[in-house]
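First comes the structure, then the notes that go with it.
Numbering (the UniProt record's numbering), first residue to last: 1 to 354.
Below you can see the structure in the form of structure tokens.
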């Protein structure tokens, strides 16, 4: 029986194994729909994000740049203040803010010959500008450096090389106008501001500070309020009547002061006839009469550039200006300080309580 079963199995046809394999999957070709690329919407989103980031970062970059400019401005003021102190160490007195007149050339026919020189030239040897100071002729009067024969006379052209000298320590890098004026000066000595001495042709006259006009400077011993409490120099960006360039966008107003601008006796060249009421010194030194960045046009409704003794202190920095004290340290004073308080800080012997 077993043999019969085996025989039956052998007699069955064996199943054929097909050599044909099953279908192989075909490789999928890349199509336009699954390629890597931005859609228009995605691109617009990316651009919008970049714009937002730039808008967020730009103020920070601008603030950092202004901080650097302000730091340079502080260093400039400090150098000028320390130069004045070094002058005092050598001469035993601070420099006069500006001479009223140059005695050697005072006469009744030419007031231009008489105009007194400013303190900034006298202190040049103390901040590495001695070469400029040595070439300056103190006996000519500062108006001889102006680029016009009406004020500069016959020597105007010959003096222009020196008069156009750009002295970096006198210029605040935050100043956004008058950039083309090479001899521009943005810092002014302070004549005072608490006790008015006279009212003159060019505004109020003060001499209760440390850098007022006259033939002689102040001894440090006479700064009764203390050199660390008394303001000596500050920023002022307000153009004057006879400055270089145009001021306030009006071509009849002079613009900023030059480093060689000094004082003058208005209306009379004779030395014997000059008094405080005739003193014009706003191109060289100024008094702290108003709050910082005081807008004279808005407040008075009219621009009076001829009153350049009254021009306020101020700066291109936000909310205030830098000031150097007599001892050489520099502070940033806010616009919010009252004019009376500023005037008290500018006087040398006002018995002011701090």
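Ideal Cβ placement from N, Cα and C applies to all residues, glycine included.
- Counting the other CB atoms within 10 Å of its CB gives residue 231 a total of 16 or more, which places it among the buried residues.
- In this structure, residue 247 and residue 239 form a Cβ contact; the two beta carbons are roughly 3 Å apart against a cut-off of 8 Å.
- Within the DSSP secondary-structure output, residue 233 pairs in a beta bridge with 189 and 324.
- Comparing alpha carbon positions, the residue from 319, 190, 293 and 169 closest to residue 183 is 169.
- Under the three-state reduction of DSSP output, residue 122 falls in the helix class.
- Residue range 196 to 200 is occupied by the beta strand (DSSP E) that includes residue 197.
- DSSP, reduced to helix, strand and coil, places residue 331 within a strand of the structure shown.
- By alpha-carbon distance to residue 320, the top candidate from 136, 292 and 347 is 292.
- Secondary structure of residue 163 (DSSP, three-state): helix.
- Boundaries of the alpha helix (DSSP H) harbouring residue 343: 339 to 346, taken from the DSSP string.
- Residue state for residue 75 is assigned as helix, using DSSP reduced to three classes.
- Considering only 55, 141, 191 and 311, the residue with the shortest C-alpha distance to residue 264 is 141.
- Here the region 185 to 194 makes no contact with the region 129 to 141; the two share fewer than three CB pairs at distances below 8 Å.
- Contact check for residue 307 against residue 286 fails: the beta carbons are separated by 7 Å or more.
- In the structure shown, residue 84 falls within a helical segment according to DSSP collapsed to helix, strand and coil.
- Taking C-beta separations shorter than 7 Å and ignoring five residues to either side along the sequence, the partners of residue 253 in its chain run 239, 241, 246, 247 and 305, following chain order.
- Apart from the 5 residues on each side of it in sequence, residue 76 sits with its Cβ closer than 6 Å to the Cβ of 169 in its chain, given in chain order.
- By alpha-carbon distance to residue 202, the top candidate from 48, 278 and 175 is 278.
- Within the model, the alpha-carbon separation for residue 195 versus residue 208 is close to 6 Å.
- For residue 93, same chain residues with a beta-carbon under 6 Å away, outside a window of 5 residues either side, are 217 and 219 in chain order.
- As a beta-bridge residue in DSSP terms, residue 255 pairs with 240.
- Under the DSSP assignment, residue 131 falls in the alpha helix (DSSP H) whose first and last residues are 130 to 135.
- Residue 329 has its alpha-carbon roughly 8 Å from the corresponding atom of residue 81.
- For residue 206, the uninterrupted beta strand (DSSP E) segment begins and ends at 203 to 206.
- Excluding five sequence positions before and after residue 284, the CB atoms of its chain that fall closer than 6 Å to its own CB belong to 98, 118, 261, 262 and 263, given in chain order.
- Secondary structure at residue 213: strand, using DSSP grouped into helix, strand and coil.
- If the five residues before and after residue 55 are omitted, its C-beta is found closer than 6 Å to no C-beta atom of its own chain.
- Under the three-state reduction of DSSP, residue 70 is assigned to helix.
- In this structure, the straight-line span from the alpha carbon of residue 288 to that of residue 49 is close to 49 Å.
- 258 is the residue among 79, 200, 258 and 67 whose C-alpha sits nearest the C-alpha of residue 163.
- When only Cα atoms are considered, residue 68 and residue 332 end up about 14 Å apart.
- Residue pairing by DSSP places residue 279 opposite 265 in a beta bridge.
- Pairing residue 237 with residue 315 gives a Cβ-Cβ distance under 7 Å.
- Taking residue 234 as reference, the option from 172, 175, 281 and 323 with the minimal CA-CA separation is 323.
- At the C-beta level, residue 193 and residue 343 come within 7 Å of one another.
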